[in-house]
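Asks: Protein chains in written order, with my numbering: chain A, -15 to 401; chain B, -15 to 401.
Here you go, one structure.
Set out below in structure tokens:
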């Protein structure tokens, strides 16, 4: 079994101009990785004939599979389909199945079809159609120069459905790939240069087919172990063994594994222990509630919350005492404490958590500069309040605060038997 | 004045594996575009010597400026700095200024420096340092083969600060670039194939230096006009004229311009009219509040809100009548109406908005399948409720719901003199 390389090409001037975030290539990379393909490169280019041809030529030299997204719309600026047809030297022909699909979609939406819509049903003669049931631009699978070219629409949910239903199973059947196993260990509260000497001996003992990477991110460091091998069970076992040795060394800093975020960890712990949660937010403005409710099934443990942006709301809705607000201010240990305790009681939850701080850019003072944030976790066992001194960037402060309050809750949940 | 091309190379196995979203290349693309550079390509590669060298060689053929991010950490897996030094055939030498910066950062964090940290102060001899005051990995500016190579750390807030403080001003001084002017017109509630025939005549009348692109996205279509020219004032004027002709044709569907999101539009309107807002969310779980509070200065018009995930919370905290919940259910026109009206009164705001629905994946019934969502906007003039039939994807439903409720609020705000 040899490594099979794939290259991802995303097409669209808007990607180069920075007008959209290219999430397609990330998603495709992850899915290819899961079925053992090695992504050798990701390339983003504009809607230009020469660029598309050049990117295809270069990719064919390096990879066995090329996946393109974007540029399949019916309007003038989209030229991917025409360019691919020219590149593989085949005419565009009307495909009856695709036309039927386009007609079905228009009937469902109660809309009239025009010629632009109909043009979506023309595809390169030698292409196999990967049907797009969610939209009018079909996916295409083309063999060319010992390479598979897969062209997909740029609209993320359409692209994903075609990949999952057709392209990924077909790729899996077409190639015999080695197995790739990752374990991602997520730590919080320790920097990478402090971790490195702690795990140096382990790192040096890794065999050449297992690699360790450090991925730092806002207050967190993720450690990734990646193993590649022909025997699936053996490589999983081997990587997992190194992972558990690694976890033993940095145990107190580990908050989650793999794709799991801290809100997932917290959700699992609440569910496991049959406990409920309510939130009271000021500076995070709903971000904590939003992250908690990103998890399907959260209604089993999440009661709800208050976004108390205005001080009047803190007082009348959250029951923070006027005296507390006047004496200590909205951004204070005392206010954070009352917010967490009161939302817990009001919403009849086992835990109440709160955030209050100066996210910025305005609102800072010499005593309480931008980045001054208090977080609190309240339960029947009492309340813990923590002061965070964060950055001068509003978005960074919101993100660090929501991670910190959920991590503090995680630690409290771990204390409960 | 000629077009100056730039290429962006992001380095890191985690990008190819799809373990992180590469937001750096988007941000850099946008900033380069603002100062008139044309980004010809974005490339993502792994932490491999051969790949880095090959990407640099290819980019040097196409571009005058190459910006690399990532792979500058102190740990073993990061090899960008060493590889660049080899590529430009120069040794790594200790830089006293960088060492001082690393020492300063460690002193500030009250941490002990080790040899790994010190290694950050070695840089290629012919590189000019772009100081990183937020972290230990310095930025570097290197001239090579008539090309400028700029290497930056991958941590986004460090990369951005170095770009803004040093790299962008230096690039702006070094090249005489043409002016690029974009106008992005954001529409909601109409598809691209319905817009295309409406604006066909205008599209055909555009001169060759002005391009129109259609960028569809979840229920929205953005129309981008891009003009390039040597005379800044003339090109801005010309593009803006076409933009206003275009807006006249699709006026009723336009909700915002350029980088503006619907929450920004709504915020501006509230501020302008001196009105306030409160939110009551069920299925969006705090996303509406989060988006509103992403805007700095929102405390002038946003009172706060309730995330009423649990029915008990809808009843006790939001005052939705028990009879309403029992007779019509939590996902109903009546519940949405009471939520919006009650939060408005309770939070003493001019407008109350609400969301309630089945985001999925669980909770659907034959009468109310996943994707059934009610939104409401309440004011002193009455309440409007709208039923949305969305998708079976939880994340898509949350996003579509928050856009829809803010757009409904926008339309109501436009009605007020």
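In this text, a Cβ means the ideal position worked out from N, Cα and C, and glycines have one as well.
This structure is a prediction, so every number in the text was calculated from the model and none was measured.
1) Which two residues bound the contiguous beta strand (DSSP E) that contains residue 442 of chain B?
2) So residue 7 of chain B packs on residue 5 of chain A, CB below 8 angstroms; how close in whole Å?
3) I want to verify the contact list: residues of chain B whose CB lies under 9 angstroms from the CB of residue 236 of chain A, in sequence order.
4) Can you confirm whether residue 199 of chain A, when its beta carbon is compared against all beta carbons of chain B, has any partner nearer than 9 angstroms?
5) What's the call for residue 328 of chain A, buried or exposed, on a 16-neighbour Cβ count within 10 Å?
6) If we count the other Cβ atoms within 10 Å of its Cβ and call it buried at 16 or more, is residue 332 of chain B buried or exposed?
7) With the cut-off set at 9 angstroms, would you say residue 274 of chain B and residue 269 of chain A are in Cβ contact?
8) Residue 210 of chain B and residue 195 of chain B: beta carbons closer than 9 angstroms?
9) Closer than 8 angstroms is the cut-off here; do at least three beta carbon pairs connect the region 274 to 286 of chain A with the region 307 to 315 of chain A?
10) Just checking: is the beta-carbon of residue 417 of chain B within a distance shorter than 9 angstroms of some beta-carbon in chain A?
11) Just to confirm my understanding: we take residue 343 of chain A, look at its own chain, exclude 5 residues before and 5 after, and list those with CB closer than 7 angstroms. What are they?
12) Short of 6 angstroms in beta carbon distance, which residues of its chain neighbour residue 216 of chain B, apart from the five on each side in sequence? Order them along the chain.
13) With 9 angstroms as the threshold, decide whether the Cβ of residue 31 of chain A is near any Cβ in chain B.
14) Considering only C-alpha positions, which residue in the set A:142, A:108, A:117 and A:323 is nearest to residue 126 of chain A?
15) Listed from N- to C-terminal order along the chain, which residues in the region -13 to 5 of chain B have their beta-carbon within a distance smaller than 9 angstroms of any beta-carbon of chain A?
16) Alpha carbon to alpha carbon, how far is residue 238 of chain A from residue 302 of chain B? Give it in angstroms, no decimals.
17) At a Cβ threshold of 9 angstroms, is residue 28 of chain A touching chain B?
18) To be precise: take each residue of the region 240 to 252 of chain B, compare its Cβ to all Cβ atoms of chain A, and keep it if any distance is under 7 angstroms. Which residues remain?
19) What residue ranges within the region 29 to 72 of chain A form continuous alpha helix (DSSP H) runs of no fewer than 4 residues, ordered along the chain?
20) Check the Cβ-Cβ distances between residue 143 of chain B and every residue of chain A, and say whether any is below 9 angstroms.
21) Name the residues in the region 171 to 190 of chain A whose C-beta lies less than 9 angstroms from a C-beta of chain B; which are they?
22) What does a CB cutoff of less than 6 angstroms around residue 220 of chain A pick up in its chain, not counting 5 residues either side in sequence?
23) Just checking, does the region 336 to 356 of chain B make contact with the region 364 to 375 of chain B on the three C-beta pairs under 8 angstroms criterion?
24) Taking a Cβ distance cut-off of 8 angstroms, strictly less, list which residues of the region 152 to 166 of chain A are near chain B, in chain order.
25) Of all the options B:222, B:173, B:295 and B:177, which has the alpha carbon lying nearest to the alpha carbon of residue 202 of chain B?
26) What's the call for residue 387 of chain A, buried or exposed, on a 16-neighbour Cβ count within 10 Å?
27) Can you tell me which of the three DSSP states residue 207 of chain B falls into?
28) From what residue to what residue does the alpha helix (DSSP H) around residue 139 of chain A run?
29) Buried or exposed for residue 401 of chain A, going by 16 or more other Cβ atoms inside 10 Å?
30) Give me the residue from B:71, B:86, B:384 and B:300 with the minimum Cα distance to residue 120 of chain B.
31) Using DSSP with H/G/I as helix, E/B as strand and the rest coil, what is residue 315 of chain B?
32) What is the DSSP secondary structure of residue 385 of chain B, counted as helix, strand or coil?
33) If you measure between the beta carbons of residue 106 of chain B and residue 129 of chain B, is that distance less than 9 angstroms?
34) When Cβ atoms are compared, which residues of the region 302 to 333 of chain B fall closer than 8 angstroms to chain A?
35) Taking the alpha-carbon of residue 272 of chain A as reference, which of B:39, B:256, B:291 and B:261 has the nearest alpha-carbon?
36) What residue range does the beta strand (DSSP E) around residue 403 of chain B cover?
Replies: In short:
1) Residue numbering for chain B in the displayed model covers -15 to 401; residue 442 of chain B lies beyond these limits and cannot be assessed.
2) Within the second chain, the letter at position 23 stands for residue 7 of chain B. Within the first chain, the letter at position 21 stands for residue 5 of chain A. Right, their Cβ atoms sit about 6 angstroms apart.
3) Here residue 236 of chain A refers to the residue found at position 252 when the first chain is read from its first residue. Residues of chain B passing the Cβ test: none, with the nearest at roughly 17 angstroms.
4) Taking the first chain and counting its residues from 1, one reaches residue 199 of chain A at position 215. Closer than 9 angstroms: yes.
5) Along the first chain, one-based indexing puts residue 328 of chain A at 344. Burial call: buried.
6) Position 348 of the second chain, counting from 1, holds the residue named residue 332 of chain B. It counts as exposed.
7) Start at 1 with the first residue of the second chain, and residue 274 of chain B comes out as number 290. Start at 1 with the first residue of the first chain, and residue 269 of chain A comes out as number 285. Cβ atoms of residue 274 of chain B and residue 269 of chain A: closer than 9 angstroms.
8) Residue 210 of chain B sits at position 226 when you count from the first residue of the second chain. Residue 195 of chain B sits at position 211 when you count from the first residue of the second chain. In this structure, residue 195 of chain B lies closer than 9 angstroms to residue 210 of chain B by Cβ.
9) no
10) No information on residue 417 of chain B is available, as it lies outside the stretch -15 to 401 that chain B covers here.
11) As a working note, residue 343 of chain A is residue 359 in the first chain. The answer, listed in chain order, is 267, 378, 381 and 382.
12) As a working mapping, residue 216 of chain B is identified with position 232 in the second chain. Excluding residues within five positions, the ones whose Cβ falls inside 6 angstroms are 163.
13) Translated into the one-based positions of the first chain, residue 31 of chain A becomes position 47. For residue 31 of chain A, the answer is yes, since a Cβ of chain B falls inside 9 angstroms of its Cβ.
14) In the first chain, the residue the question calls residue 126 of chain A occupies position 142. Taking only the C-alpha atoms, the option nearest residue 126 of chain A is A:108.
15) -8, -6, -4, -3, -2, -1, 0, 1, 2, 3, 4 and 5
16) Within the second chain, residue 302 of chain B is the residue found at index 318, counting from 1. Within the first chain, residue 238 of chain A is the residue found at index 254, counting from 1. Near 38 angstroms, if we compare the C-alpha coordinates of residue 238 of chain A and residue 302 of chain B.
17) Locating residue 28 of chain A in the first chain gives position 44, counting from the first residue. Residue 28 of chain A counts as touching chain B.
18) none
19) 33 to 46 and 64 to 71
20) Working through the second chain from its first residue, we reach residue 143 of chain B at position 159. No, residue 143 of chain B does not count as interfacial toward chain A.
21) 175, 176, 177, 178, 179, 180, 181 and 187
22) Here the question's residue 220 of chain A lines up with position 236 in the first chain. If we look at residue 220 of chain A and ignore the five residues flanking it on each side, its Cβ neighbours are 165.
23) yes
24) 166
25) The count along the second chain starts at 1 and reaches residue 202 of chain B at position 218. Comparing Cα-Cα distances from residue 202 of chain B to each of B:222, B:173, B:295 and B:177, the minimum goes to B:173.
26) Counted from its first residue, the first chain places residue 387 of chain A at position 403. Buried, by the Cβ-count rule.
27) On the second chain, residue 207 of chain B is found 223 positions in, with the first residue counted as 1. Residue 207 of chain B falls in the strand class under three-state DSSP.
28) As a position in the first chain, residue 139 of chain A is number 155, starting the count at 1. Premise fails: residue 139 of chain A is in no alpha helix (DSSP H) and is neither H nor E.
29) Translated into positions along the first chain, residue 401 of chain A becomes position 417. By the neighbour-count rule (16 or more Cβ atoms within 10 Å), residue 401 of chain A is not buried but exposed.
30) Here residue 120 of chain B refers to the residue found at position 136 of the second chain. Checked all of B:71, B:86, B:384 and B:300; the closest Cα to residue 120 of chain B is B:86.
31) For the purposes of this step, residue 315 of chain B is taken as residue 331 along the second chain, with counting starting at 1. It is coil, neither helix nor strand.
32) Counting from one through the second chain, the residue named residue 385 of chain B turns up at place 401. In the structure shown, residue 385 of chain B sits in a helix (DSSP, three-state: H, G or I).
33) As a position in the second chain, residue 106 of chain B is number 122, starting the count at 1. As a position in the second chain, residue 129 of chain B is number 145, starting the count at 1. No, these two residues do not count as a Cβ contact at 9 angstroms.
34) 330, 331 and 332
35) Numbered from its first residue, the first chain carries residue 272 of chain A at position 288. It is B:291.
36) No statement about residue 403 of chain B is possible, as the shown extent of chain B runs from -15 to 401 and does not include it.
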